[in-house]
């Protein structure tokens, strides 16, 4: 290996690399993420048996196309409805709590009925279930927060996988914002109230469990 422009050969920094390379016989590659975009967005959830979230997916469009439905017309109608419900949801979120970390353009979980139930319109049981669901998203992860200066500061999440970042971002949009970590805990802003939780254990992702 040689770089002609710099007149510089390959320089190994670790002596065991050559041993490892010598054991490689085949390389398989599917180019995942090279020609496609790996973006995870939280769209739907079922909490305490109640489904929430609106989205017009490619799978749904494909099913309707096989049924003879005009997907262009249906898609336009669905996207219009989602846009209207998105505006309604953002308005209702700010009625419950003026979330300073919510950015309208970042919202992916469009579910105005979730916000209504979070406010208690469906009763205390569903309100509690929705709160616990969002609290679990805000606590059960290994995400690191990164603040961009501002008033209020913009909070972004650095995660090992896009799945974790999508879950924590949805919790933030609904008023359960991860602010940062301490030596043995995590700080969360819950609907305007700052709380600190102690992390008892972290179950890392592994190939046998295939989950966080």
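Numbering (UniProt numbering), first residue to last: 1 to 212.
Here a beta-carbon is modelled for each residue, glycine too, at the ideal position from N, C-alpha and C.
Taking the alpha-carbon of residue i as reference, which of the options has the nearest alpha-carbon?
i, options, result
"residue 145", "174, 94, 180 and 57", "180"
"residue 42", "49, 55 and 50", "55"
"residue 214", "182, 104, 90 and 176", "Residue 214 cannot be examined here, being either before or after the span of the chain that is shown, 1 to 212."
"residue 182", "163, 149 and 142", "142"
"residue 44", "26, 167, 84 and 78", "167"
"residue 53", "162, 196, 7 and 78", "78"
Taking the C-alpha atoms as reference points, what is the distance between residue i and residue j?
i, j, result
"residue 132", "residue 115", "14 angstroms"
"residue 1", "residue 208", "37 angstroms"
"residue 46", "residue 151", "34 angstroms"
"residue 135", "residue 10", "50 angstroms"
"residue 124", "residue 101", "26 angstroms"
"residue 97", "residue 62", "39 angstroms"
"residue 68", "residue 75", "14 angstroms"
"residue 201", "residue 105", "34 angstroms"
"residue 121", "residue 86", "19 angstroms"
"residue 184", "residue 57", "40 angstroms"
"residue 140", "residue 149", "26 angstroms"
"residue 95", "residue 39", "30 angstroms"
"residue 60", "residue 24", "43 angstroms"
"residue 4", "residue 163", "41 angstroms"
"residue 49", "residue 27", "45 angstroms"
"residue 126", "residue 73", "35 angstroms"
"residue 66", "residue 196", "51 angstroms"
"residue 84", "residue 178", "28 angstroms"
"residue 155", "residue 6", "41 angstroms"
Taking 8 angstroms as the limit between beta carbons, can you name the residues of its chain near residue i, skipping five residues before and five after?
i, result
"residue 223", "As shown, the chain starts at 1 and ends at 212. That puts residue 223 outside it, with no answer to give."
"residue 93", "99, 102, 115, 173, 174 and 175"
"residue 8", "2"
Spatial neighbours of residue i within its chain, please: C-beta separation below 7 angstroms, excluding the five flanking residues on both sides.
i, result
"residue 130", "47, 114, 117 and 118"
"residue 192", "97"
"residue 107", "86, 90 and 173"
"residue 29", "none"
"residue 199", "184, 185 and 186"
"residue 161", "none"
Since residue i contacts residue j with CB under 8 angstroms, what's their CB separation in whole angstroms?
i, j, result
"residue 128", "residue 173", "Going by Cβ atoms, the distance from residue 128 to residue 173 rounds to 20 angstroms, so no, they are not a contact pair."
"residue 187", "residue 194", "7 angstroms"
"residue 71", "residue 81", "Between residue 81 and residue 71 the Cβ distance is about 15 angstroms, and since that is not below 8 angstroms, they are no contact."
"residue 51", "residue 88", "That pair is no contact at about 18 angstroms."
"residue 157", "residue 169", "6 angstroms"
"residue 159", "residue 165", "4 angstroms"
Could you tell me whether any Cβ in chain C is nearer than 7 angstroms to the Cβ of residue i?
i, result
"residue 195", "Any reference to chain C falls outside this structure, which holds one protein chain only."
Relative to the ligand ZN, is the shortest distance from any of its heavy atoms to the C-beta of residue i smaller than 6 angstroms?
i, result
"residue 184", "By its list of ligands, the structure shown contains no ligand whatsoever, and the ligand ZN lies outside what it can speak to."
**Q.** Entirely enclosed beta strand (DSSP E) segments - the stretch 36-67, minimum 3 residues
**A.** 45-47 and 50-52
Q | Completely contained alpha helix (DSSP H) runs for the stretch 122-184, where each covers 4 or more residues | A | 124-139 and 162-173
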